[in-house]
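Residue numbers (the working numbering): 4 to 194.
Every residue gets a Cβ at the ideal spot worked out from N, C-alpha and C, and that includes glycine.
Remember, predicted model here, so these are calculated numbers, not experimental data.
Have a look at the structure below before the remarks.
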Amino acid sequence: MSGVEAGLYKQADEEARFLKAEICRISIINVYVPQGFAPGTDKFQYKLRWLTDLSLHLKEHFDLDAPLLVAGDFNVGMEPKDVFDPVKLKGEVGFHPEEQAVMRKLLEWGLVDVFRKHEQGGGHYTFWDYRIPNGVKRNLGWRIDYILASPPLSERSRVAWIDKAPRLAEKPSDHTFVWLNSTSKGCWCRR
C-alpha cells in the first residue's frame, strides 16, 4: 500500500471525511459526505460545497482510464427507487435535487455506480434511520452508500450487493455494507 492521504483539502480533518490509499495500483477513496442537516442551512450549503469540491478534486487528480474506486457514505439518495417514500422525502436533506445534481456530475464525468450496474430494482437500501420504529424489518430505508468505479474497474465487476445482515445484528450501525466482486484477470497488482 502506498500514497495514503487524509483530508480532501490536503489536511487531515477531524471528521475523517476523505481517505485515499493506493493498493495494487488501484486508487481507493473512502468518503463520508456531510449529512447536511436541512435544506437552507449553513450545514446544507457546506454539504453541497464539499460534494462539489470532491468532484473537482477527482477530475483534477485522477484519470478515468486508470483504476479508481470512490466509495462510502454519500448521504444522497439519487433516484426514487433509492428511498422508501420518494414522494414524502422529495426535497428533504438526503433526497434533495441540489444534492442529486452535484452527485450526478460524478456519474456524468464517467464514474459508474456498480451496484446499479448489477441491480436495477428498488427496495435495496444501505441505511435505516433508528428513529423509524422497526424501520429495518419494514425495509423503510435509503440507498445512500455507494461504490463508484472508473470504467476499467467497472468492466471487471461481476456482482454487487447490499449485505443487510450486519444491520440486523445487536447494536449495529445505522448503515450496512455494499459489496463488489470482480474478476481477477489482469490484476493491477502484477508488475
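For the beta strand (DSSP E) holding residue i, just list the boundary residues, first then last.
{"i": "glutamate 25", "result": "21 to 26"}
{"i": "valine 181", "result": "180 to 185"}
{"i": "arginine 119", "result": "Taken as a continuous stretch (DSSP letters only), arginine 119 belongs to no beta strand (DSSP E), being part of the alpha helix (DSSP H) at 117 to 121."}
{"i": "leucine 11", "result": "Neither: leucine 11 is in no beta strand (DSSP E) and is coded neither H nor E."}
{"i": "serine 160", "result": "160 to 166"}
{"i": "leucine 72", "result": "71 to 76"}
{"i": "isoleucine 31", "result": "29 to 35"}
Can you tell me where the alpha helix (DSSP H) with residue i in it begins and where it stops?
{"i": "leucine 110", "result": "100 to 112"}
{"i": "aspartate 148", "result": "Segment 148 to 152 is the beta strand (DSSP E) holding aspartate 148; no alpha helix (DSSP H) there."}
{"i": "serine 58", "result": "45 to 64"}
{"i": "valine 90", "result": "89 to 92"}
Leaving out five residues on either side along the sequence, give the residues of the same chain with a beta carbon under 6 Å from the beta carbon of residue i.
{"i": "leucine 22", "result": "Ala9 and Asn33"}
{"i": "glycine 125", "result": "Lys84"}
{"i": "cysteine 192", "result": "For cysteine 192, the predicted model reports a pLDDT of 46, less than 50, meaning its position is unreliable and no value from the coordinates is stated."}
{"i": "valine 86", "result": "Gly80, Leu92, Phe98 and Trp145"}
{"i": "tyrosine 128", "result": "Gly144, Trp145 and Arg146"}
From the options, pick the residue whose C-alpha is nearest to that of residue i; which is it?
{"i": "leucine 110", "options": "Ala168, Ile150 and Leu171", "result": "Ile150"}
{"i": "alanine 152", "options": "Phe65, Gly126 and Asp88", "result": "Phe65"}
{"i": "arginine 159", "options": "Arg20, Val115, Gly94 and Lys91", "result": "Val115"}
{"i": "isoleucine 29", "options": "Val7, Leu11, Asp45 and Val86", "result": "Val7"}
{"i": "lysine 108", "options": "Lys91, Pro70 and Ser58", "result": "Ser58"}
{"i": "serine 185", "options": "Pro70, His60 and Ala24", "result": "Pro70"}
{"i": "methionine 81", "options": "Asp148, Gly138 and Lys140", "result": "Asp148"}
Rounded C-beta distance between residue i and residue j? I'm assuming under 8 Å.
{"i": "tryptophan 112", "j": "lysine 62", "result": "6 Å"}
{"i": "proline 42", "j": "glycine 97", "result": "Wrong, their Cβ atoms sit about 10 Å apart, outside the cutoff."}
{"i": "leucine 67", "j": "leucine 156", "result": "About 10 Å separates the two Cβ atoms, so there is no contact after all."}
{"i": "aspartate 56", "j": "leucine 11", "result": "6 Å"}
Closer than 7 Å by C-beta to residue i: which residues in its own chain qualify, once you throw out the five before and the five after it? Chain order, please.
{"i": "arginine 194", "result": "At arginine 194, the pLDDT of 37 sits below 50, so the modelled position is not reliable and the matter cannot be decided from this model."}
Looking only at its chain, what residues have a beta carbon closer than 8 Å to the beta carbon of residue i, apart from the 5 residues adjacent to it on each side?
{"i": "proline 169", "result": "Pro175, Ser176, Thr179 and Phe180"}
{"i": "glycine 138", "result": "Trp131, Asp132 and Gly144"}
Between the region 65 to 79 and the region 27 to 44, can you find at least three pairs of beta-carbon atoms closer than 8 Å? yes
Assess, as a yes-or-no matter, whether the region 102 to 118 is touched by the region 133 to 145 under the definition of 3 or more beta carbon pairs within less than 8 Å. no
Are the region 159 to 166 and the region 175 to 182 touching by the rule of at least three beta carbon pairs closer than 8 Å? yes
Segment contact, 8 Å Cβ cut-off, at least three pairs: the region 45 to 52 with the region 110 to 125: no
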